[in-house]
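Q: The structure under discussion is supplied below as structure tokens; questions concerning it will follow.
2 protein chains.
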Amino acid sequence: MALIFRTDAARAAAWGAAFQRQMPELDIRMWDAPGNIADIEFAVVWKPERGVLRGFPNLKAIFSVGAGVDHLFSDPELPEGVPVVRMVEPELTRGMTEYVVLHVLRHHRRQREMEANQRAEKWEMIEVPTAPSRKVGIMGLGELGRAAALALAALEFDVAGWSRTPKDIPGVESFHGDFGMDAFLAHSEILVCLLPLTTETEGILNTGLFEKLPRGASLINAARGGHQVEEDILAALESGRLSEATLDVFREEPLPADHSFWGHPRVTITPHNASLTDPDSAVRQVIENIHRIRRGEPPTNIVDPKAGY
Amino acid sequence: MALIFRTDAARAAAWGAAFQRQMPELDIRMWDAPGNIADIEFAVVWKPERGVLRGFPNLKAIFSVGAGVDHLFSDPELPEGVPVVRMVEPELTRGMTEYVVLHVLRHHRRQREMEANQRAEKWEMIEVPTAPSRKVGIMGLGELGRAAALALAALEFDVAGWSRTPKDIPGVESFHGDFGMDAFLAHSEILVCLLPLTTETEGILNTGLFEKLPRGASLINAARGGHQVEEDILAALESGRLSEATLDVFREEPLPADHSFWGHPRVTITPHNASLTDPDSAVRQVIENIHRIRRGEPPTNIVDPKAGY
Chain A
3 MALIFRTDAA RAAAWGAAFQ RQMPELDIRM WDAPGNIADI EFAVVWKPER
53 GVLRGFPNLK AIFSVGAGVD HLFSDPELPE GVPVVRMVEP ELTRGMTEYV
103 VLHVLRHHRR QREMEANQRA EKWEMIEVPT APSRKVGIMG LGELGRAAAL
153 ALAALEFDVA GWSRTPKDIP GVESFHGDFG MDAFLAHSEI LVCLLPLTTE
203 TEGILNTGLF EKLPRGASLI NAARGGHQVE EDILAALESG RLSEATLDVF
253 REEPLPADHS FWGHPRVTIT PHNASLTDPD SAVRQVIENI HRIRRGEPPT
303 NIVDPKAGY
Chain B
3 MALIFRTDAA RAAAWGAAFQ RQMPELDIRM WDAPGNIADI EFAVVWKPER
53 GVLRGFPNLK AIFSVGAGVD HLFSDPELPE GVPVVRMVEP ELTRGMTEYV
103 VLHVLRHHRR QREMEANQRA EKWEMIEVPT APSRKVGIMG LGELGRAAAL
153 ALAALEFDVA GWSRTPKDIP GVESFHGDFG MDAFLAHSEI LVCLLPLTTE
203 TEGILNTGLF EKLPRGASLI NAARGGHQVE EDILAALESG RLSEATLDVF
253 REEPLPADHS FWGHPRVTIT PHNASLTDPD SAVRQVIENI HRIRRGEPPT
303 NIVDPKAGY
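If you read the sequences in order, they're chains A and B. Using our numbering, you'd call the opening residue of the first sequence number 3 and step up by one each time. Using our numbering, you'd call the opening residue of the second sequence number 3 and step up by one each time.
Right, here's the structure in full:
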């Protein structure tokens, strides 16, 4: 029984140490030195090369290092019948909630404009409304979207959410499905994207969607670059349809040197650091699921391969 | 029975309309045209000229338009024996909470550095901790400080508070008095000033205090410019004692054109708009207190003239 893992290089040591501390008897294999692959029952991975997972003949579960699993389902050779588990851990959720609350408040209180005034050495009174009169829309009401929506509702924002299937979140008006989308967008003065990336949501942040928002709405995307049509964001900023955008994710990362977002006065760029999986907390969740699988139970937080999340 | 009011010119119409709507029988006098001053029983004021209030012989209460009353107690001729009432209204409290949460998250998540990276077109991974590992200190646990502390505690920050007298706020470690100050400051990686301005707190944000903070702490002052020794803030930023400062208030407002804060890369200036009294909500509170006084009861939110808040 062995587990193989692949994270980004900078964090590999922390993951290895967490496995060692929490389950010293576990036979841990490195991605580049898998040893006898017949031993490998568990894979904990971020962006594995295509086809590699299929090569492990006795794989019992594939764990994603992050909340998203698009990096797994984009592998056309992903082994069928092996459960894929998404990462649900409190630190990841907490980090995303903090990111969303920060950037919603930043848009809500027009902080970017005040900083531009400061650079121009201009003292200008800006009266900002309070949260109950601000409509915020969260697209995607999974683990991360739900937590962010609750935190914004606790600050008394007028929060709505949209998801594919109906959800019931206290203090959050919930819309769902294609039918609910237009009413949801009409409600979203600040739109936050926390959707999973699937074939259905790829490119969803486009001109057609922006036109259904209140004029001058703003956008926060902390999900995936694949959700956004970047030229449409630029056009919507140009036309005034969007007042500003805060983006943590991009079609190409790192954002290329010549990209128009870099110098755009109404785009805020964060370097895909909205939230990071905490190795200790994540390893705890992986080990719990290993125990479940050994007892013959299904793992928690399993992904529906048809839906892709 | 008449009421006289003085607010900033831009908001006078909204105040007048609120009085008219909520208590049409009230005889409202304008500051510049008080009529027979013997009629005037109530004054609702912001920064009245010195000595004017003393001229109203039948004054029963003085209401501050804002949370602070330093603009009243700085009048050496403030009539003795007339109760002074500070403004407590939900919108004022809410706006301040939103300001504090925004700027604490901004410091916590190093947002200013990420924006500097964007201006330099630099994609640099910055790993930010989550709230439970961040110590935030709120100086001043009155109406505004208490609400801000609770909102930060709900986001799971490690929150401490300091006030002159002991307070009991769920989820907030409370320090008080001279004796509690050093331990409080040692706890404050992000220090938020929401103190009343009194002879005791004037100039409290100075080198001596900054030296008791953890090295690289940051400062948010949303109270009064009189709390801060501005050259000491600049020196502390220079020495690295303070990593950054967000200031809503200044010794002189508007901030003078040649002030070093304007172009300082680690100072964020907001134009004293952290929170504004909402006329409708404020007038409701004033009228309730007028009714109390007429029934012979003391008004609520009365200021202790000895403490100055």
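For glycine and all other residues, C-beta sits at the position ideal for the given N, C-alpha and C.
Using a Cβ-Cβ cutoff of 8 Å, what residues of the stretch 10 to 30 of chain B are near chain A? List them in chain order.
A: For the stretch 10 to 30 of chain B, which is checked against every Cβ of chain A, the residues closer than 8 Å are Ala-12.
Q: Between which two residues does the alpha helix (DSSP H) containing Thr-99 (chain B) stretch?
A: Run containing Thr-99 (chain B): 92 to 110, per the alpha helix (DSSP H) assignment.
Q: Along the chain, which unbroken stretches of the alpha helix (DSSP H) at least 4 residues long are found entirely within the stretch 262 to 302 of chain B?
A: Segments of the alpha helix (DSSP H) lying fully in the stretch 262 to 302 of chain B: 281 to 296.
Q: According to DSSP, is Phe-7 (chain B) helix, strand or coil?
A: The answer is strand: DSSP assigns Phe-7 (chain B) an E or B state.
Q: How would you list, in chain order, the residues of chain B whose beta-carbon sits under 8 Å from the beta-carbon of Ile-128 (chain A)?
A: What Ile-128 (chain A) touches in chain B: Pro-273 and Asn-275.
Q: If we count the other Cβ atoms within 10 Å of its Cβ and call it buried at 16 or more, is Met-3 (chain B) buried or exposed?
A: Result: exposed.
Q: Under 7 Å: does the beta carbon of Arg-111 (chain A) sit that close to some heavy atom of the ligand SAH?
A: Questions concerning the ligand SAH fall outside what the structure shown contains, since it holds no ligand whatsoever.
Q: Find the nearest neighbour of Lys-169 (chain B) within the set B:Gly-144, B:Ala-153 and B:Glu-27, judged by alpha-carbon distance.
A: Lys-169 (chain B) has its Cα closest to that of B:Gly-144, out of B:Gly-144, B:Ala-153 and B:Glu-27.
Q: Are the beta-carbon atoms of Pro-256 (chain B) and Trp-264 (chain A) separated by less than 8 Å?
A: Not in contact: Pro-256 (chain B) and Trp-264 (chain A) (Cβ atoms no closer than 8 Å).
Q: Please check the pair Lys-137 (chain A) and His-189 (chain A), which I expect to be a contact at CB under 8 Å, by giving their CB distance rounded to whole angstroms.
A: About 5 Å separates the two Cβ atoms, so the contact holds.
Q: Looking at the secondary structure, which residues open and close the alpha helix (DSSP H) in which Glu-117 (chain B) lies?
A: Glu-117 (chain B) -> alpha helix (DSSP H) spans 113 to 121.
Q: Who pairs with Glu-246 (chain A) in a beta bridge, going by DSSP?
A: Paired residues: A:Ser-220.
Q: Quick check: is the beta carbon of Met-183 (chain A) nearer than 8 Å to any beta carbon in chain B?
A: Not an interface residue.
Q: Compare the C-beta of Met-89 (chain B) with all C-beta atoms of chain A and state if any pair is closer than 8 Å.
A: No - not a single Cβ of chain A is within 8 Å of the one on Met-89 (chain B).
Q: By the 10 Å Cβ neighbour count, where 16 or more other Cβ atoms means buried, how is Ile-206 (chain A) classified, buried or exposed?
A: Classification of Ile-206 (chain A): buried, given that the 10 Å Cβ count is 16 or more.
Q: Using only the alpha-carbon positions, how far apart do Val-47 (chain B) and Ala-284 (chain B) sit?
A: Their backbone Cα atoms lie some 12 Å apart in a straight line.
Q: Flag this pair as yes or no: are the beta carbons of Ala-224 (chain B) and Leu-196 (chain B) separated by less than 8 Å?
A: Closer than 8 Å, so yes.
Q: By the three-class DSSP mapping on this structure, what secondary structure does Asp-41 (chain A) have?
A: Helix at Asp-41 (chain A).
Q: Going by C-alpha distance, which of A:Met-183, A:Ser-165, A:Asp-180 and A:Phe-159 is nearest Gly-173 (chain A)?
A: Out of A:Met-183, A:Ser-165, A:Asp-180 and A:Phe-159, A:Phe-159 has the C-alpha closest to the C-alpha of Gly-173 (chain A).
Q: Taking the alpha-carbon positions, what's the Lys-214 (chain A) to Val-231 (chain A) distance?
A: When rounded, the distance between both Cα atoms is 16 Å.
Q: Could you name the residues of the same chain whose beta carbon sits closer than 6 Å to that of Ala-35 (chain A), not counting the 5 residues immediately before and after it, in chain order?
A: Excluding sequence neighbours, Ala-35 (chain A) sits near nothing in its chain.
Q: Name, going along the chain, the residues of the stretch 251 to 268 of chain A whose beta-carbon falls closer than 7 Å to a beta-carbon of chain B.
A: Residues Pro-256, Leu-257, Ala-259 and Trp-264.
Q: By how many angstroms is the C-alpha of Asn-303 (chain A) removed from the C-alpha of Leu-55 (chain A)?
A: Using only the alpha carbons, I get a separation of about 20 Å.
Q: Whose Cβ in chain A lies nearer than 7 Å to the Cβ of Thr-279 (chain B)?
A: Going along chain A, no residue has its Cβ under 7 Å from Thr-279 (chain B), so there is no contact; the nearest lies around 11 Å.
Q: Going residue by residue through the stretch 154 to 232 of chain B, where are the continuous alpha helix (DSSP H) segments of at least 4 residues, counting only ones entirely within it?
A: DSSP runs (the alpha helix (DSSP H)) wholly in the stretch 154 to 232 of chain B: 179 to 188 and 209 to 212.
Q: Alpha carbon to alpha carbon, how far is Lys-62 (chain A) from Leu-236 (chain B)? Give it in angstroms, no decimals.
A: Whole-angstrom Cα-Cα distance: 59 Å.
Q: Can you look up Phe-65 (chain B) in the DSSP assignment and give me helix, strand or coil?
A: Strand at Phe-65 (chain B).
Q: Looking only at C-alpha atoms, which of A:Ala-155, A:Val-71, A:Ser-245 and A:Gly-68 sits nearest to His-266 (chain A)?
A: His-266 (chain A) has its Cα closest to that of A:Ser-245, out of A:Ala-155, A:Val-71, A:Ser-245 and A:Gly-68.
Q: Taking C-beta to C-beta, are Arg-88 (chain A) and Ala-69 (chain A) nearer than 8 Å?
A: Contact flag set, yes.
Q: Please report the distance separating the alpha-carbon of Asp-280 (chain B) from that of Arg-8 (chain B).
A: Approximately 15 Å, taken between the alpha carbons.
Q: So, does the CB of Glu-123 (chain A) fall closer than 8 Å to a CB anywhere in chain B?
A: Yes, Glu-123 (chain A) counts as interfacial toward chain B.
Q: From the DSSP output, in three-state form, read off Ala-309 (chain B) for me.
A: Of the three classes helix, strand and coil, the one that applies to Ala-309 (chain B) here is coil, per DSSP.
Q: Going along the chain, which residues of its own chain have a beta-carbon closer than 8 Å to the beta-carbon of Asp-234 (chain B), five neighbours each way excluded?
A: Only Leu-207, Asn-208, Thr-209 and Phe-212 meet the Cβ criterion.
Q: What do you get for Ile-6 (chain B), buried or exposed, if any count of 16 or more other CB atoms within 10 angstroms of its CB means buried?
A: It counts as buried.
Q: From the DSSP output, in three-state form, read off Gly-83 (chain A) for me.
A: If DSSP states are grouped into helix, strand and coil, Gly-83 (chain A) belongs with coil.
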